[in-house]
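J.: I am attaching a structure below and will ask some questions about it afterwards.
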Ligand SMILES: Nc1ncnc2c1ncn2[C@@H]1O[C@H](COP(=O)(O)OP(=O)(O)OP(=O)(O)O)[C@@H](O)[C@H]1O
Ligand SMILES: [Mg+2]
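In the numbering used here, the protein residues as written are 348 to 657.
Written out as C-alpha cells, the structure is:
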C-alpha cells in the first residue's frame, strides 16, 4: 500500500490501544537535577525505560536524521524522533528553533517555500513522505493542519466545512458530515442556527474551532496544530485544550506551543528544541511530558521550562 494510490493506509498493530482521555496537570518545578546524555541517545530511545506514554503504541511518524535548510541557511540540524499514535506530542522551544519548520515538513507544507530542502527521511506509517511515488494531495488529506492565526475562508460557516469534502468528491451526506465536524470541534451548539452566516463573523476562538472542524471534516489521521491558541483568550484556550483531549482517541495530534502550562496540561510527550551556537535549531530532549517538566535530563531543558531562558 502506498500513499500515492489514495487507498487506506494500514495503520499498524496496537493501533487501537489509545482510547484513554487524560487531562493531566503537571506542575513545573525549579529544582530538577539534570544528568548528561547525548541528544541522539535521548531522541532515539524515547521509551527506553518501558514506562513511557509511548510504550506499545504504533509509530505514526519516524523522522530519521531530518535536517532542513532554506537556501544557504540551515534551520534544523539532523533530528531523529518518533511520534506515536493517539498521543498529543508538543514541540516547544525558543523562537526560531525550527518548530514550525518541522511541523510543516511532516505534511509537505514547506514544498512550495523557495529554497526549502529536507535531508534525511520522514516515514509516515512506514511510507517515505518525500518518496517519489507519493501523492502530496493524499499526504495533506491524511495529515491536516491548523495554523496560528484562524484563517476561515470568506464563505459561510457551512461552506467552510463542506469545502474540502466537496473537493474530494465526498458529497454524500454532506449535511451530516458538516454537523459531525462541528460537533467534533465543540462548535455545533454555537452555530447550528447560523450555518449560512459568514464564518468571518465568528469570534477568534470560534474561528479557530471552525478551522479545526474544517480539518477534521475529511477525517484525517493526524492533526498538526501550530500555536493554535496563541491569539485566544484563556477561556477559548482551554476550550481548544479540552477539544484536543476529546479528539485524541481518534487522532494523533502534534502541537507547537509557546505556552509551557499548555504543553504540561495537554501533551503526553514533549520535544524541546533550542538553537545551537550557529543558531541552527536542534532537538535537545524528547520524552514523556512529565519527565521533561519534572525531571529533565538536560540543563537547557530545565532552564527553558522553568522560565530561566527563552
Ligand atoms: N519560509 C522561510 N524562508 C526562509 N527561512 C525561513 C522560512 N521559514 C522559516 N525560516 C527560518 O528557519 C528558522 C526556523 O524557523 P521556524 O519558523 O521553524 O521557527 P519556530 O521555532 O517555529 O519559531 P517561532 O516560535 O517564532 O514560531 C528561522 O531561522 C527562520 O528564519
Ligand atoms: Mg513557529
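Quick reminder that beta carbons are idealized off the backbone N, C-alpha and C, glycines included.
Just so we're clear, the structure is a prediction, and the values are computed from it rather than from any experiment.
#1: Do you know offhand how far residue 595's Cα is from residue 436's?
#2: How should residue 588 be labelled, buried or exposed, when 16 other C-beta atoms within 10 angstroms of its C-beta is the threshold for buried?
#3: Could you tell me if residue 656 is buried or exposed, where buried requires 16 or more neighbouring beta carbons within 10 angstroms of its beta carbon?
#4: Helix or strand or just coil, what does DSSP make of residue 481?
#5: What did DSSP end up calling residue 436 once you bin it into helix, strand or coil?
#6: Taking the alpha helix (DSSP H) that residue 551 falls in, what are its first and last residues?
#7: Could you give the DSSP three-state label for residue 575: helix, strand or coil?
#8: What's the call for residue 418, buried or exposed, on a 16-neighbour Cβ count within 10 Å?
#9: Output needed for residue 598: all residues of its chain with C-beta closer than 8 Å, excluding positions within five of it in sequence on either side, in chain order.
#10: For the candidate residues 542, 524, 548 and 464, whose alpha-carbon lies nearest to that of residue 565?
#11: In chain order, which beta strand (DSSP E) runs of at least 3 residues are fully inside the stretch 577-646?
#12: Quick one, what's near ligand 3 if you take every residue whose CB is closer than 7 Å to any heavy atom, in chain order?
#13: Leaving out five residues on either side along the sequence, give the residues of the same chain with a beta carbon under 8 Å from the beta carbon of residue 414.
#14: Please name the residue or residues paired with residue 547 in a DSSP beta bridge.
#15: Could you check which residue in 399, 402, 416 and 430 has the C-alpha nearest to that of residue 408?
#16: Helix, strand or coil, according to DSSP, for residue 525 in the structure here?
#17: Using 8 Å as the cut-off, can you tell me whether the stretch 540-556 makes contact with the stretch 485-504, which would need three or more C-beta pairs spanning the two stretches below that distance?
#18: Buried or exposed: residue 480, going by 16 or more other Cβ atoms within 10 Å of its Cβ?
#19: Excluding the five sequence neighbours on either side, which residues of its own chain have a C-beta within less than 6 Å of the C-beta of residue 438, listed in chain order?
#20: Could you give the distance in angstroms between the alpha-carbon of residue 402 and the alpha-carbon of residue 634?
#21: Can you check whether the CB of residue 486 is closer than 9 Å to the CB of residue 457?
#22: Round the Cβ separation of residue 561 and residue 507 to the nearest angstrom and send it over; I've been treating them as touching at under 8 Å.
#23: Rank 416, 558 and 616 by C-alpha distance to the C-alpha of residue 404 and give the top, closest one.
#24: Within a Cβ cutoff of 6 Å, which residues of the same chain sit near residue 369, ignoring the five residues on either side of it in sequence?
#25: Spatial neighbours of residue 515 within its chain, please: CB distance less than 8 Å, with the 5 preceding and 5 following residues excluded, ordered by chain position.
#26: Looking at chain D, is there any beta carbon in it that lies within less than 9 Å of the beta carbon of residue 560?
#27: Helix, strand or coil: which one does DSSP assign to residue 682?
T.: Result, derived from the coordinates:
#1: Walking along the chain shown from the start, residue 595 turns up at place 248. Walking along the chain shown from the start, residue 436 turns up at place 89. Cα to Cα, residue 595 sits roughly 11 Å from residue 436.
#2: Counting from 1 along the chain shown, the entry for residue 588 is found at position 241. Result: buried.
#3: Locating residue 656 in the chain shown gives position 309, where the first residue counts as 1. Label assigned to residue 656: exposed.
#4: Counted from its first residue, the chain shown places residue 481 at position 134. In the structure shown, residue 481 sits in coil (DSSP, three-state: anything other than H, G, I, E or B).
#5: For the purposes of this step, residue 436 is taken as residue 89 along the chain shown, with counting starting at 1. Correct three-state label for residue 436: strand.
#6: Here residue 551 refers to the residue found at position 204 when the chain shown is read from its first residue. Element bounds for residue 551: 551-563.
#7: Counting from 1 along the chain shown, the entry for residue 575 is found at position 228. In the structure shown, residue 575 sits in coil (DSSP, three-state: anything other than H, G, I, E or B).
#8: As a working mapping, residue 418 is identified with position 71 in the chain shown. Per the 10 Å Cβ criterion, exposed.
#9: Walking along the chain shown from the start, residue 598 turns up at place 251. Once the five neighbours on either side are set aside, the close Cβ partners of residue 598 are 433, 563, 567, 568, 569 and 570.
#10: In the chain shown, counting from the first residue as 1, residue 565 sits at position 218. Checked all of 542, 524, 548 and 464; the closest Cα to residue 565 is 524.
#11: 599-603, 616-622 and 628-635
#12: This structure lacks ligand 3; its bound ligands are ligand 1 and ligand 2.
#13: Mapped onto the chain shown, residue 414 falls at position 67. The residues are 421, 423, 424, 425, 426, 465, 466 and 467.
#14: The residue you call residue 547 lines up with position 200 of the chain shown. Residue 547 pairs with nothing; no bridge assigned.
#15: Position 61 of the chain shown, counted from the first residue, corresponds to residue 408. Of the candidates 399, 402, 416 and 430, the one whose C-alpha sits nearest the C-alpha of residue 408 is 430.
#16: Here residue 525 is taken as the residue at index 178 of the chain shown, counted from 1. Correct three-state label for residue 525: helix.
#17: yes
#18: One-based indexing of the chain shown puts residue 480 at position 133. Residue 480 comes out exposed.
#19: As a first step, residue 438 must be located in the chain shown, where it is residue number 91. For residue 438, where only same-chain residues beyond five positions count, the Cβ hits under 6 Å are 446, 603 and 618.
#20: As a working mapping, residue 402 is identified with position 55 in the chain shown. As a working mapping, residue 634 is identified with position 287 in the chain shown. For residue 402 and residue 634, the distance between alpha carbons rounds to 12 Å.
#21: Mapped onto the chain shown, residue 457 falls at position 110. Mapped onto the chain shown, residue 486 falls at position 139. No, they are not a contact pair.
#22: Mapped onto the chain shown, residue 561 falls at position 214. Mapped onto the chain shown, residue 507 falls at position 160. Rounded, the Cβ-Cβ distance is 5 Å, consistent with contact.
#23: Along the chain shown, read from residue 1 onward, the residue named residue 404 stands at position 57. When only C-alpha atoms are compared, the closest one is 616.
#24: Along the chain shown, read from residue 1 onward, the residue named residue 369 stands at position 22. Confidence is the limiting factor: at residue 369 the pLDDT is only 28, short of 50, which leaves the residue's position unreliable, though a coordinate-based value still follows. Within the same chain, residue 369 has no close Cβ partners at all.
#25: For the purposes of this step, residue 515 is identified with residue 168 of the chain shown, where counting begins at 1. If we look at residue 515 and ignore the five residues flanking it on each side, its Cβ neighbours are 488 and 565.
#26: This model lacks chain D altogether, as it is built from one protein chain only.
#27: Since the first and last residues shown for the chain are 348 and 657, residue 682 lies out of range.
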